[in-house]
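**Student:** Same order as they appear, the protein sequences are chains A and B. The opening position of the first sequence corresponds to residue 1 in our numbering, with each subsequent residue numbered one higher. The opening position of the second sequence corresponds to residue 1001 in our numbering, with each subsequent residue numbered one higher. C-beta atoms are modelled at their ideal positions from N, C-alpha and C, and glycine is treated no differently.
2 protein chains.
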Amino acid sequence: MANFFEESDISASKKRVLNSALVLFVEKGFFNTSIPDLVAHSGVSTGSIYHAFKDKEHLARTLMDLLLAKVEVDQATLLAAHRECWQRYYHLAKWLFEMTETFPHVMQFILYARHREFMPTIQPLCSSKPFMTLRSVLEQGQQLGQIREMDLMVASSIAYGSILRLIQLHLDGLAHEPLQEHLDELTCAAWRAIKAD
Amino acid sequence: MANFFEESDISASKKRVLNSALVLFVEKGFFNTSIPDLVAHSGVSTGSIYHAFKDKEHLARTLMDLLLAKVEVDQATLLAAHRECWQRYYHLAKWLFEMTETFPHVMQFILYARHREFMPTIQPLCSSKPFMTLRSVLEQGQQLGQIREMDLMVASSIAYGSILRLIQLHLDGLAHEPLQEHLDELTCAAWRAIKAD
DNA sequence: GTCTATACTCAGATAGAC
DNA sequence: GTCTATCTGAGTATAGAC
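#1: What does DSSP give as the partner residue(s) for residue 147 of chain A in the beta ladder?
#2: Given a threshold of 16 other Cβ atoms within 10 Å of its Cβ, counted over all protein chains shown, does residue 71 of chain A qualify as buried or as exposed?
#3: Closer than 7 Å by beta-carbon distance: list the chain B residues that pair up with residue 32 of chain A, in chain order.
#4: What residues from chain B crowd round residue 154 of chain A, counting only those whose CB sits closer than 9 Å?
#5: Looking at the secondary structure, which residues open and close the alpha helix (DSSP H) in which residue 1104 of chain B lies?
#6: Reducing DSSP to helix, strand and coil, say where residue 1029 of chain B ends up.
#7: Assign residue 1017 of chain B to buried or exposed, taking buried as 16 or more other Cβ atoms, counted over all protein chains shown, within 10 Å of its Cβ.
#8: Count the other CB atoms within 10 Å of the CB of residue 54 of chain A; is the residue buried (16 or more) or exposed (fewer)?
#9: Quick check on residue 121 of chain A: does DSSP put it in helix, strand or coil?
#10: Please state whether the Cβ-Cβ distance between residue 117 of chain A and residue 179 of chain A is less than 8 Å.
#11: Looking at residue 1161 of chain B and residue 161 of chain A, is the spacing between their C-beta atoms short of 8 Å?
#12: Would you check if the region 165 to 184 of chain A and the region 86 to 101 of chain A touch, i.e. whether three or more CB-CB distances between them fall below 8 Å?
#13: Which residues bound the alpha helix (DSSP H) around residue 84 of chain A?
#14: Compute the Euclidean distance between the alpha carbons of residue 1112 of chain B and residue 1151 of chain B, then round it to the nearest angstrom.
#15: Buried or exposed, going by whether 16 or more other CB atoms sit within 10 Å of the CB of residue 1040 of chain B?
#16: Compare the C-alpha of residue 1130 of chain B against each of B:1110, B:1052, B:1063, B:1004 and name the closest.
#17: Since residue 1052 of chain B is in the alpha helix (DSSP H), which residue starts that stretch and which ends it?
#18: Could one say the Cβ of residue 1145 of chain B lies closer than 8 Å to chain A's Cβ atoms, at least one of them?
#19: Does any C-beta atom of chain B lie closer than 8 Å to the C-beta of residue 249 of chain A?
#20: Using the beta-carbon of each residue, which ones in chain B are nearer than 8 Å to residue 55 of chain A?
#21: So what does DSSP say about residue 20 of chain A, is it helix, strand or coil?
#22: Counting only Cβ pairs nearer than 7 Å, list the residues of chain A close to residue 1151 of chain B.
#23: Between residue 1012 of chain B and residue 189 of chain A, is the Cβ-Cβ spacing less than 8 Å?
#24: Report the residue from B:1007, B:1036, B:1191 whose alpha carbon sits nearest the alpha carbon of residue 1148 of chain B.
#25: In angstroms with no decimal places, state the Cα-to-Cα distance between residue 5 of chain A and residue 177 of chain A.
#26: Please list, in chain order, the chain A residues whose beta carbon lies closer than 7 Å to that of residue 1029 of chain B.
#27: Quick test of your reading: residue 1026 of chain B and residue 1108 of chain B, contact by CB under 8 Å. State the CB separation rounded to the nearest angstrom.
#28: Alpha carbon to alpha carbon, how far is residue 1136 of chain B from residue 1126 of chain B?
#29: Under a three-way DSSP split, which group does residue 176 of chain A fall into?
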């Protein structure tokens, strides 16, 4: 399992706690993960955890902020490299699949944790910058006449709902082949549904 | 807010507790809902709750079992009324949208609660009968040559992932128009993606 | 079946030495 | 910055009267 925080500019013990939090929050859930669990998994003591993070909620927030920040950077890089709508869509899908296979815990935490339940003030995920970016790619395609005139949320649901659904099936163990094998079939199918005719 | 348990053959106080559990588990989450919360919301005492349900987990299981049983009955009725693949797909989507608008808490609890976290032995939702039924509709359509040859999980992700995504956007408040308004546009688009050519 | 009062557990958080 | 020891309170579940 790749360590997502390896290269970040964070103190060593913070990194270990964040990584343990990521793993345990995904595998057991936030509320089933006690501070003693984090101590045992990370090898960092209670005192040090509370020295680095105000409380358990703040730990989760820090984790989420770091993950989303990394995602934003990845997306920006990707959109800079591809400027055409279909290319962008295809490579976003590819990147989502790669992320899922390289950092399954990261994807599970971002996509499927019930953030509101343990971070009461967080904004809904679907209003976050990465999700807005996904939609904006389709919006631009629509303005250029490459995507048919249809409700943006509907187009978005087709284009990304299908990708996210396959990712979930994969993470839940119902689609065990490598996701990349389905990349072309899935993106082409979704594109048929939304492309201008 | 419609009460889902109105007509069920369950004692009155059980019904009240189940309804409160549904509402509170969805609005605050399972772990943020204490027994005192359930007492305050349902008007049923701690003692009576524990008389009716072994413990909090068993309450959640009973709730989930009742919801899934109702869903199975609805699906069976619907499939008996429509025998052609496209018809079945369209009416399943319609029913999912109707369920979401009539019983949003029910849909949220079924689709978006992290069941595993508070019911450790439950099977994954995507392996449950209702989800298998959704896939089997596409499988039959494929055998009859009405749906193109493609991986079943991919077809499924397109057909239902898009519907579930729009439902999620709606429940999260990003798509506020009535779902029914998007029914035709969404199902037709998804069908373009998967129909045989 | 329904209720009130209460026991027990353990997680979250702090204090304070090193 | 790191640790151990400890406190406190919330929350689950039970006992036992009605």
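**Tutor:** The short version:
#1: A:195.
#2: Buried, by the Cβ-count rule.
#3: Neighbours of residue 32 of chain A on chain B, chain order: 1117.
#4: At a beta-carbon threshold of 9 Å, the residues of chain B lying near residue 154 of chain A are 1162, 1166, 1175, 1182, 1185, 1186, 1189, ordered along the chain.
#5: Counting along the chain, the alpha helix (DSSP H) containing residue 1104 of chain B begins and ends at 1104 to 1112.
#6: DSSP places residue 1029 of chain B in coil when its eight states are reduced to three.
#7: Burial call: buried.
#8: Residue 54 of chain A counts as exposed, since fewer than 16 other C-beta atoms from the protein chains shown sit within 10 angstroms of its C-beta.
#9: Here residue 121 of chain A sits in coil by DSSP.
#10: Here residue 117 of chain A is not near residue 179 of chain A, since their CB atoms are 8 Å or more apart.
#11: In this structure, residue 161 of chain A places its C-beta atom within 8 Å of the C-beta atom of residue 1161 of chain B.
#12: These segments touch.
#13: Residue 84 of chain A -> no alpha helix (DSSP H), and no H or E assigned at all.
#14: Distance between the alpha carbons of residue 1112 of chain B and residue 1151 of chain B is about 25 Å.
#15: Classification of residue 1040 of chain B: exposed, given that the 10 Å Cβ count is below 16.
#16: When only C-alpha atoms are compared, the closest one is B:1110.
#17: 1046 to 1052 is the extent of the alpha helix (DSSP H) around residue 1052 of chain B.
#18: False, the Cβ-Cβ gap to chain A never drops below 8 Å.
#19: No statement about residue 249 of chain A is possible, as the shown extent of chain A runs from 1 to 197 and does not include it.
#20: Contact of residue 55 of chain A with chain B by beta-carbon distance below 8 Å is absent, the smallest such distance being about 15 Å.
#21: In the structure shown, residue 20 of chain A sits in a helix (DSSP, three-state: H, G or I).
#22: 182, 185, listed in chain order.
#23: The answer is no: Cβ separation not under 8 Å.
#24: Of B:1007, B:1036, B:1191, the smallest CA-CA separation from residue 1148 of chain B is found for B:1191.
#25: If you take the alpha carbons of residue 5 of chain A and residue 177 of chain A, they lie about 27 Å apart.
#26: Listed along chain A are 114, 117, each with a C-beta nearer than 7 Å to that of residue 1029 of chain B.
#27: Right, the Cβ-Cβ distance comes to about 5 Å (below 8 Å), so this counts as a contact.
#28: About 13 Å.
#29: Note: residue 176 of chain A maps to coil in three-state DSSP.
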